[in-house]
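First up is the structure itself, then whatever we jot down about it.
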Amino acid sequence: MAGYRRFIAYVYDYENGKKGSNCGFIKVEVKDQQCSVEIHLHCPGLPENVKCNIYGFTRKDGLINGILLDTCETEKETVECLIITDATDMNDSGVAMGKLGGMIITSDTGGFFGTEWDDQPIRPENFHEIKAMPDADIPESAKITSQKPEVPAGMVLQEMPEELEDISEKPEDISLTKVPDDSLSIEPSANIPVQGTSDNKPGTESSYISDNTVEDSNSSENAGNPVPERNAENRKTSAEFSPFSDGELISAWKIHLDDLKHFPRYYCALRNNRFLQYGHYNFGYLLLGQRNNGQYILGVPGVYNQQERFMANMFGFPYFRESSYIEIPKMRGGYWYRLIDAPDSHR
Numbered sequence: 058m059a060g061y062r063r064f065i066a067y068v069y070d071y072e073n074g075k076k077g078s079n080c081g082f083i084k085v086e087v088k089d090q091q092c093s094v095e096i097h098l099h100c101p102g103l104p105e106n107v108k109c110n111i112y113g114f115t116r117k118d119g120l121i122n123g124i125l126l127d128t129c130e131t132e133k134e135t136v137e138c139l140i141i142t143d144a145t146d147m148n149d150s151g152v153a154m155g156k157l158g159g160m161i162i163t164s165d166t167g168g169f170f171g172t173e174w175d176d177q178p179i180r181p182e183n184f185h186e187i188k189a190m191p192d193a194d195i196p197e198s199a200k201i202t203s204q205k206p207e208v209p210a211g212m213v214l215q216e217m218p219e220e221l222e223d224i225s226e227k228p229e230d231i232s233l234t235k236v237p238d239d240s241l242s243i244e245p246s247a248n249i250p251v252q253g254t255s256d257n258k259p260g261t262e263s264s265y266i267s268d269n270t271v272e273d274s275n276s277s278e279n280a281g282n283p284v285p286e287r288n289a290e291n292r293k294t295s296a297e298f299s300p301f302s303d304g305e306l307i308s309a310w311k312i313h314l315d316d317l318k319h320f321p322r323y324y325c326a327l328r329n330n331r332f333l334q335y336g337h338y339n340f341g342y343l344l345l346g347q348r349n350n351g352q353y354i355l356g357v358p359g360v361y362n363q364q365e366r367f368m369a370n371m372f373g374f375p376y377f378r379e380s381s382y383i384e385i386p387k388m389r390g391g392y393w394y395r396l397i398d399a400p401d402s403h404r
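The C-terminal residue of the sequence shown carries number 404 in my numbering, and the numbering is unbroken.
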């Protein structure tokens, strides 16, 4: 789609001036000169109803100049916000999206969170808010009328269909909560373990990400690429199939987004789950499976790499299992999945 850009930047907390752990991400989308910014942060211990200021920033003379884009209030341990503004004039500041070097979120309780895409470190002590300038005072270098946002070195910004998204940088400093080794084999149990079907097994996934896995920089370009020869047939009416060869699932069905309306009402949020929509768009179906012990799982087709794993965990699909049914050259295809209760149509 011409003129369409999207990227994701990972956000880190800063305490005592030092960069801490990853706490979420920001998704930036530019389409027809309109810029939308989604903020998704999870901050343990953060109380609700705390005011947050959201800034884009530029740099000058060693200072980080914050441009206020919006404010929001926290929910318990989370910051969720959507900002829509003119990509060529962010919140009437006279500064275009392409001139920003990153974003910073501050809270009234002293929290400081940031992400940068200009390859320069964020030093909280150098940050200050600047007020919007009258048009006459805005430097010509900051004005952009029809230019697309600039792409800093090292950041991947690609034209793509509206439903797809790219990952701009790999997360760092993210801890992995490991599952005990005795649960690594796949046995019917309430805790679904994760095991690949090849020698390169990812092991059991938790809802957090390891920081010692570094994927090839090109992997994000191929992550979730559709399999053309299967997409047409996959979009047909739901049907049984066999994604795994070991008999762990006694039944498996290809289902579609419309089928989610037959799930219990407390799963209604799944219909708007962006990761689930992303997988369905790429592969044309979702996986509904029933294990030998009667437990149901919901799976999203995809690939195993650091970036897709982060997104899967963030959107509630913490487990991965390799499958020869997902064939993507030089990548490990399979399903990101979660436990679910039986759909109404299976009760």
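Ideal Cβ positions, reconstructed from N, Cα and C, are used throughout, including at glycine. Everything numeric in this text was worked out from a predicted model, so none of it was measured.
query	result
Which partner residues of residue 103 appear in the DSSP bridge assignment?	None; residue 103 has no bridge partner.
From the DSSP output, in three-state form, read off residue 155 for me.	helix
Return yes when the Cβ of residue 179 is within less than 8 Å of the Cβ of residue 171, no when it is not.	yes
Using C-beta distances below 6 Å, list every residue in its chain close to residue 140, excluding the 5 sequence neighbours before and after it, in chain order.	94, 126 and 127
Just verifying my parser: in three-state terms, what is the DSSP assignment at residue 313?	coil
Quick check: what's the CA-CA separation for residue 69 versus residue 81?	7 Å
Within 10 angstroms of the Cβ of residue 164, are there 16 or more other Cβ atoms? Answer buried if so, exposed if not.	buried
Measuring straight from C-alpha to C-alpha, what distance separates residue 378 and residue 344?	12 Å
Residue 326 by DSSP, collapsed to three states: which one?	helix
Taking the C-alpha atoms as reference points, what is the distance between residue 321 and residue 299?	25 Å
For residue 395, which of helix, strand or coil comes out of DSSP?	strand
Buried or exposed: where does residue 380 fall if 16 or more other Cβ atoms within 10 Å of its Cβ makes it buried?	buried
Can you find at least 3 beta carbon pairs, one from the region 104-120 and one from the region 151-159, that sit closer than 8 Å?	yes
If you pair each beta-carbon of the region 300-313 with each one of the region 321-332, do three or more pairs fall below 8 Å?	no
Determine, using beta carbons only, whether residue 186 and residue 119 come nearer to each other than 8 Å.	no
Pick from 394, 64, 338 and 350: whose alpha carbon is nearest that of residue 361?	394
Within 10 angstroms of its Cβ, does residue 366 collect 16 or more other Cβ (buried), or is it exposed?	buried
Looking at the secondary structure, which residues open and close the beta strand (DSSP E) in which residue 370 lies?	Here residue 370 belongs to no beta strand (DSSP E); instead the alpha helix (DSSP H) covers 363-371.
Residue 129 and residue 109 look like a contact to me (Cβ under 8 Å); what is the Cβ gap, rounded to whole Å?	5 Å
State the DSSP-derived secondary structure class of residue 305, mapped to helix, strand or coil.	coil
Can you tell which of 92, 97 and 102 has its C-alpha closest to the C-alpha of residue 152?	92
Is it true that the CB of residue 368 sits closer than 8 Å to the CB of residue 340?	no
My output table needs one value for residue 338: the three-state DSSP class, helix, strand or coil.	helix
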